[in-house]
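With our numbering applied, the sequence shown closes on residue 1127, and no number is skipped along the way.
Glycine included, C-beta positions come from ideal geometry on N, C-alpha and C.
In this text, all values refer to a predicted model and were calculated from it rather than measured experimentally.
So the structure is just underneath, and the comments pick up after that.
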Amino acid sequence: MLRQAQHDAEEESPRPPLQGGVNFHRRFAGPLLFKEGLGVVDDFFLFSFRFYPVILSKDVPGSAIIRLMDIIQIAHYLDQLLDIENIKDSPRAVNGLQVQNAMGIRKVGLAVDACQATIEMAIERDCQMMFVHHGVFWGGLQPVRGPHYDKLSAMMQANLGLYSAHLPLDMHPVLGNNRALADKIGLEHAEVFGEYEGQLIGLKGKVKRQSAKQLGALLGEKLGAAVKVIGDGDVESVGLVSGGAGDIVGQAVKEGLDCYITGEGENHQYHEAIEGGCVLMFAGHYATETGGVQAVGKHLEQQFGLETEFLHYPTGL
Ligand SMILES: [Zn+2]
811 MLRQAQHDAE EESPRPPLQG GVNFHRRFAG PLLFKEGLGV VDDFFLFSFR FYPVILSKDV
871 PGSAIIRLMD IIQIAHYLDQ LLDIENIKDS PRAVNGLQVQ NAMGIRKVGL AVDACQATIE
931 MAIERDCQMM FVHHGVFWGG LQPVRGPHYD KLSAMMQANL GLYSAHLPLD MHPVLGNNRA
991 LADKIGLEHA EVFGEYEGQL IGLKGKVKRQ SAKQLGALLG EKLGAAVKVI GDGDVESVGL
1051 VSGGAGDIVG QAVKEGLDCY ITGEGENHQY HEAIEGGCVL MFAGHYATET GGVQAVGKHL
1111 EQQFGLETEF LHYPTGL
């Protein structure tokens, strides 16, 4: 009853156009097809208008209101795309929408780390949202003070939202960090490899037979980073896991792979690799995780016409 009354009241008073609103003076009827395709959310019809994604509503008789997509809609889309709900991540990770904002999204800043520097870059470059691999929450409850407060307050004052995807971004079969890394070295016949929490999070396959030194040089050139090569000899079968996954070298040894590539590791893994006859490469935690956010950015551009910019802030580690 109350719901009906609310509904009637809404029908009587047309909502004012939202941000960037434009009224069409004809009744909206039926779905519209645009080059990016069409999505339907309840009674909203989603399409691209000029260069920006908009929602077209048929709430107002005789006209329609368009507005930019908001962060909740984009986050919902990303949750499905990256299978946030089903991928088992570290209990310390917080995947999904981390900081909400209250405005339409035109531009998304892409970064590996949500740190003070990239947050400032995003604000300066007029982003309304960031999409990152390492968010601002890690390791459980944290009081909002010191540098943590500085980051959150800067974002909220600038009305900047934040979405973070950790393991779901590493392992996405098309847009993931590992896929990007595999493409850089020309990995063929790729299949999943590298167990973590009952999931295979990396990739393995074959590259053109070459010396470990050559492969390390190729990887360094493609990533624009220094690559530490441990061991030598020719390599062909290669396993890789982006980021800090040095502990998976033991699995590469067990599977008889010629080479294992990751971002960073620990001292004892040197011996594990040498004694196991597997060349180990540390190509940088940051550098090996630059591919995923950029691939998702490109996808958002193509899918919704959003503008994106990669906020490159290499740690060199
Ligand atoms: Zn990482």
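Consult DSSP for residue i and reduce its assignment to one of helix, strand or coil.
| i | result |
| --- | --- |
| residue 1086 | helix |
| residue 966 | helix |
| residue 1114 | helix |
| residue 1072 | strand |
| residue 931 | helix |
| residue 1096 | coil |
| residue 1028 | helix |
| residue 1060 | helix |
| residue 997 | coil |
| residue 1123 | coil |
| residue 1010 | strand |
| residue 906 | strand |
| residue 979 | helix |
| residue 878 | strand |
| residue 1079 | helix |
Could you tell me which residues DSSP pairs with residue i in its beta bridges?
| i | result |
| --- | --- |
| residue 923 | 944 |
| residue 1015 | 1048 |
| residue 1107 | In the DSSP output, where bridge partners are listed per residue, residue 1107 has none listed. |
| residue 807 | This structure leaves residue 807 out entirely; the chain is present only between 811 and 1127. |
| residue 1091 | 1039 and 1071 |
| residue 917 | 1117 |
| residue 952 | Looking at the DSSP assignment, residue 952 forms no beta bridge with any residue, so it has no partner. |
| residue 1020 | 1045 |
Quick one: give me the first and last residue of the alpha helix (DSSP H) that residue i is part of.
| i | result |
| --- | --- |
| residue 889 | 881 to 891 |
| residue 898 | Where residue 898 is concerned, there is no enclosing alpha helix (DSSP H), given that its DSSP letter is neither H nor E. |
Hey, is residue i close to ligand 1, as in C-beta under 7 Å from one of its heavy atoms?
| i | result |
| --- | --- |
| residue 1095 | yes |
| residue 1119 | no |
| residue 1099 | yes |
| residue 1053 | yes |
| residue 944 | yes |
Determine the extent of the beta strand (DSSP E) in which residue i is found, giving its start and end residues.
| i | result |
| --- | --- |
| residue 972 | 971 to 974 |
Taking only heavy atoms of ligand 3 into account, decide whether any of them is closer than 7 Å to the Cβ of residue i.
| i | result |
| --- | --- |
| residue 986 | With respect to ligand 3, the structure offers nothing, as its ligand set consists of ligand 1. |
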